[in-house]
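Colleague: In order, the protein sequences belong to chains A and B.
For the first sequence, counting from 1, position 194 maps to 205 in this note's numbering; every step adds exactly one.
For the second sequence, counting from 1, position 50 maps to 61 in this note's numbering; every step adds exactly one.
Would you mind keeping the following structure in view while I ask a few things?
2 protein chains.
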Amino acid sequence: MTTTPRVRMSPATRRAQLLDLGVALLATRSLDELSIDLLAEEANISRGLLYHYFGNKQDFHEAVVRRAVQDLIEVTAPVDDPDMVTRLAVSLDNYLAYVEANRVAYVSIVRAASGNNDTMREIYQSARNALTDRIFDAAGPAGLAEFGIEDTPGVRLVVRGWAAMVEQLVLDWIDDPRGISRPALLETLTATLALTLSAAP
Amino acid sequence: MTTTPRVRMSPATRRAQLLDLGVALLATRSLDELSIDLLAEEANISRGLLYHYFGNKQDFHEAVVRRAVQDLIEVTAPVDDPDMVTRLAVSLDNYLAYVEANRVAYVSIVRAASGNNDTMREIYQSARNALTDRIFDAAGPAGLAEFGIEDTPGVRLVVRGWAAMVEQLVLDWIDDPRGISRPALLETLTATLALTLSAAP
Numbered sequence: 012m013t014t015t016p017r018v019r020m021s022p023a024t025r026r027a028q029l030l031d032l033g034v035a036l037l038a039t040r041s042l043d044e045l046s047i048d049l050l051a052e053e054a055n056i057s058r059g060l061l062y063h064y065f066g067n068k069q070d071f072h073e074a075v076v077r078r079a080v081q082d083l084i085e086v087t088a089p090v091d092d093p094d095m096v097t098r099l100a101v102s103l104d105n106y107l108a109y110v111e112a113n114r115v116a117y118v119s120i121v122r123a124a125s126g127n128n129d130t131m132r133e134i135y136q137s138a139r140n141a142l143t144d145r146i147f148d149a150a151g152p153a154g155l156a157e158f159g160i161e162d163t164p165g166v167r168l169v170v171r172g173w174a175a176m177v178e179q180l181v182l183d184w185i186d187d188p189r190g191i192s193r194p195a196l197l198e199t200l201t202a203t204l205a206l207t208l209s210a211a212p
Numbered sequence: 012m013t014t015t016p017r018v019r020m021s022p023a024t025r026r027a028q029l030l031d032l033g034v035a036l037l038a039t040r041s042l043d044e045l046s047i048d049l050l051a052e053e054a055n056i057s058r059g060l061l062y063h064y065f066g067n068k069q070d071f072h073e074a075v076v077r078r079a080v081q082d083l084i085e086v087t088a089p090v091d092d093p094d095m096v097t098r099l100a101v102s103l104d105n106y107l108a109y110v111e112a113n114r115v116a117y118v119s120i121v122r123a124a125s126g127n128n129d130t131m132r133e134i135y136q137s138a139r140n141a142l143t144d145r146i147f148d149a150a151g152p153a154g155l156a157e158f159g160i161e162d163t164p165g166v167r168l169v170v171r172g173w174a175a176m177v178e179q180l181v182l183d184w185i186d187d188p189r190g191i192s193r194p195a196l197l198e199t200l201t202a203t204l205a206l207t208l209s210a211a212p
């Protein structure tokens, strides 16, 4: 008689798996609609065990949002291309694809992050900073020189403003494309970085 | 014996006066900190009368936010100047001055409007649309032609994105000016409109 060996997952692995499920559930529903009960049902484990992993609903939501923005940072990682504009265009394409595939979750995260919850705001702001700082860090001084710019506080300020514009354009376009094609939108998103940087204080 | 004639204010006037007081109180505290109790104390009238005017705290907050964004729309009204860039620069200067003078209230309104309250979001979005649509309506086709652009869905989309960028830049700069002067910031805000429009889809 043979027995299937029991695979014992570490608590960290189990928790990560549950978070992945949480993020997946979020793709088609808002953060408000994502309850511990729903996760328990989908994961087929007890609510008690979930509370063991996540403490309470607020902690659970924060963990899911942390995981979702981590996914976003990963899928938009710069590709290995010597041309900065190409790297930027590919990252923006992947960013747009992520928001298209996870629209409900993304809107919900932006809203949660813009609301009065300090932790959510901090998670979201550090993700946004990671996304924009990467433009400087991955490019290095040489990459920035391609754009004819230096790494100054004014330039960093404008890049953050540009990121807010990209977010608004993407959300507005997904809501109502207005006859604008996806490639045309991507071209605008890419072109506006160099243009706005040229007016940096 | 003379008596001071009693001035009987209409309910609408009285309500408007209370809203002005609400907006003034908001200049130095967040929306969450603005209670009916506080307004009653400052206005020296009963809480019961305030509930008569505003229903409940949520309705009161909505009325105050409506009033605040109305103020913002008024102070940024285009001046009578034939040059579109001048009109834009003056409106942006007044917008910046408003946010500087009402920073706590403004941040609080942006947060409330970005959160999960549909009414707040709608109030704020219509204000933002009013601010950006004005760029087209006040300019008219002739004004837009000065910028070398037409009134297309792509251009309207980009203007909304630019408005999100302006908001981000102003809030970031007020939080930490990074050694950037006010005139330098204003020049960036003004210049980026034409630049981003040149990349409209």
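Just so you know, even glycine gets a beta-carbon here, dropped at the ideal spot from N, CA and C.
Can you round the beta-carbon distance between B/E111 and A/P212 to whole angstroms, since I take them to be within the 8 Å contact cut?
Modeller: So it is not a contact: roughly 17 Å between Cβ atoms.
Colleague: Check each residue of the segment 80-103 of chain B: if its Cβ is closer than 7 Å to any Cβ of chain A, include it; give the result in chain order.
Modeller: Within the segment 80-103 of chain B, no residue has a Cβ that lies closer than 7 Å to any Cβ of chain A.
Colleague: Would you mind stating whether A/I134 and A/E73 have Cβ atoms separated by less than 8 Å?
Modeller: yes
Colleague: Taking 8 Å as the CB-CB limit, is A/V169 close to chain B?
Modeller: yes
Colleague: Flag A/A108 as yes if its beta-carbon sits less than 8 Å from any beta-carbon of chain B, otherwise no.
Modeller: no
Colleague: Among B/I191, B/P22 and B/L180, which has the Cα closest to the Cα of B/H63?
Modeller: B/P22
Colleague: Using a Cβ cut-off of 9 Å, which residues of the segment 56-77 of chain A contact any Cβ in chain E, in chain order?
Modeller: Absent from the structure: chain E. Protein chains present are A and B.
Colleague: Should B/A202 be listed as close to the ligand FAD, given that the test is whether its C-beta is under 7 Å from any heavy atom?
Modeller: For the ligand FAD, the structure offers nothing, since it holds no ligand at all.
Colleague: How is B/Q179 classed by DSSP in three states: helix, strand or coil?
Modeller: helix
Colleague: Expressed to the nearest angstrom, what Euclidean distance is found between the alpha-carbon atoms of B/Q69 and B/N128?
Modeller: 10 Å
Colleague: Less than 8 Å separating the beta-carbons of A/A38 and A/V86?
Modeller: no
Colleague: If we cut at 8 Å on Cβ distances, does A/M12 have a partner in chain B?
Modeller: Because A/M12 sits at a pLDDT of 49, beneath the cut-off of 50, its placement in the model cannot be relied upon, and the point is left open.
Colleague: In the structure shown, what three-state DSSP assignment does A/R25 receive?
Modeller: helix
Colleague: At a cut of 8 Å, does the segment 45-52 of chain B reach the segment 100-108 of chain B through at least three beta carbon pairs?
Modeller: no
Colleague: Report yes or no: do the segment 186-197 of chain A and the segment 22-33 of chain B share at least 3 C-beta pairs separated by less than 8 Å?
Modeller: Contact between the segment 186-197 of chain A and the segment 22-33 of chain B is absent: fewer than three C-beta pairs spanning the two stretches fall below 8 Å.
Colleague: List the residues of chain A whose Cβ lies closer than 7 Å to the Cβ of B/D186, in chain order.
Modeller: Per Cβ cutoff of 7 Å: no residues; B/D186 is ~10 Å from chain A at best.
Colleague: Sorted by chain position, which residues of the same chain lie with C-beta nearer than 7 Å to B/S41's C-beta, five sequence neighbours on each side aside?
Modeller: Cβ neighbours of B/S41 within its own chain (closer than 7 Å, five residues either side excluded): V115 and S119.
Colleague: Quick one: measure Cβ to Cβ for A/L168 and B/L180, integer angstroms, because I've assumed they're closer than 8 Å.
Modeller: 6 Å
Colleague: To the nearest angstrom, how far is it from the Cα of A/R123 to the Cα of A/R139?
Modeller: The amino acid occupying residue 123 of chain A in the given sequence is Ala; Arg does not appear at that position. The alpha-carbon atoms of A/A123 and A/R139 are separated by roughly 14 Å.
Colleague: Helix, strand or coil: which one does DSSP assign to B/M12?
Modeller: For B/M12, the predicted model reports a pLDDT of 49, less than 50, meaning its position is unreliable and no value from the coordinates is stated.
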